[in-house]
Amino acid sequence: MLQASLVESLAANITLTEKSTIIDLGTGDGWPSLPLAHIRPKSHVLGIEASEQRITQSQKNLSTSELTNVELVAADITTLPIQANTIDGIVASFALEEAQDVMQAAQEVFRVLKAGGFLRFIHQVWNLPTPYVETISLIEGATDSQTLVPLLVHTIRQQNPNREIRTVLVLDSSNNTSELHQKLLTKSAQLPSQYGEALLDELSSEAIFTEKIVNNLEKLKRDLFTYETKRYTTKDLVNLLTRIGFTNIKNTKIPVVAADDYPEIRKGSKDLFQVASRKLGKLDVLGEGVITANKSNSAD
Ligand SMILES: C[S@@+](CC[C@H](N)C(=O)[O-])C[C@H]1O[C@@H](n2cnc3c(N)ncnc32)[C@H](O)[C@@H]1O
């Protein structure tokens, strides 16, 4: 349901009746490319994704649908393999701000858009409750050979500078490790959660991730790496788009779904998507979460 309303929101600037070419930046497993193509059947949707694994998955997802108006392309959004001034609209879901060089990605968007074209994207609202948030999550990750391995991901989210630092401990796939991973997962689930991850404070981290366990993990280590991502507040993103030359920049809220509506809608049905938009009414409430911008008609 939330998915349906988000897709409707992203499709707000795409007409139902006219042909248009739409790019979905960083489509991942095909979202929102596939549902968007479904609700805008006259449009041609081009999903761009850098990860080969995710392109393979999105191709699989596409092949199980009956869609004929989607193309999935392995490419980097900072160097789009697309001619200038050819695209009617660009959408993205939690992807534009993930690019290593967000400025360059936004410049590429501006380059390929036709004059009068639009950019509409859902972004991660970087608005920390405190200057420093530390979390841990125990998840599984796929290796290059597609085997699943247990991971322990430690994340620091920080203001000034706005950034996220992740340290990923990749464990081996022995039974012992799986057991320990499961035990830690159960324990961490008892911690308060933030961003869907277990929130660490000094006391709980000490109680749960004792030195003994950490030492144990160290022995089961297959790999360990850290990466840092620059993060953007909504204001940063609006400023960046303004500098590039976008006009009519609006910051709107991710649609909030009433619990009552929840059982009515299922992903994948055109009729139900229409019901969704009727029930939700106008989706672009003032707030934060979805940014819309235009390449003005006077730009060359
Ligand atoms: C948070 S995921 C969002 C995926 C999908 N749009 C969704 O909402 O489920 C961000 C996606 O952007 C892709 N991505 C990040 N940087 C990219 C780049 N420079 N070029 C192309 N894709 C990129 C990632 O591989 C990932 O699939």
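Sequential numbering of the sequence shown, starting at 8, is according to my numbering.
Beta carbons: idealized from backbone N, C-alpha and C, even for Gly.
Model, not experiment: these values are computed from the prediction.
Residue burial classification, residue i (beta-carbon count within 10 angstroms, cutoff 16)
i	result
G252	exposed
E25	exposed
Y239	buried
T154	exposed
T184	buried
E59	exposed
D108	exposed
C-beta atoms of residue i and residue j nearer than 7 Å
i	j	result
E147	H130	no
I97	L126	yes
L53	I84	no
G124	N304	no
T28	I89	no
S180	V160	no
Neighbourhood of residue i by C-beta distance below 7 Å, restricted to the same chain and skipping five residues each side
i	result
L69	G37, L41, V77 and L79
I62	E56, L79 and A81
S72	L41
6 Å CB neighbourhood of residue i in its chain, flanking five on each side removed
i	result
L87	E115 and V119
Contacting residues, own chain, Cβ-Cβ under 8 Å from residue i (five flanking each side not counted)
i	result
S152	none
Reference residue i; option with closest CA among the options
i	options	result
V175	W133, A149, S16 and R61	A149
L231	P199, H45, V177 and E186	V177
G296	F101, S185 and Q66	F101
T299	D179, I21 and A11	I21
I256	E204, N182 and K302	K302
G33	A19, A113, S50 and S12	A113
F128	D179, A99 and S200	A99
N169	T236, H45 and E15	T236
I46	Q66, K67, A19 and S65	A19
> Are there three or more Cβ pairs, one per stretch, closer than 8 Å when the stretch 130-142 is compared with the stretch 161-180?
Replying inline: Three or more beta-carbon pairs drawn from the stretch 130-142 and the stretch 161-180 are found closer than 8 Å, and the two stretches are therefore classed as touching.
> Is the number of C-beta pairs between the stretch 238-254 and the stretch 187-195 that are closer than 8 Å three or more?
Replying inline: Here the stretch 238-254 does not lie against the stretch 187-195, with fewer than 3 beta-carbon pairs under 8 Å apart.
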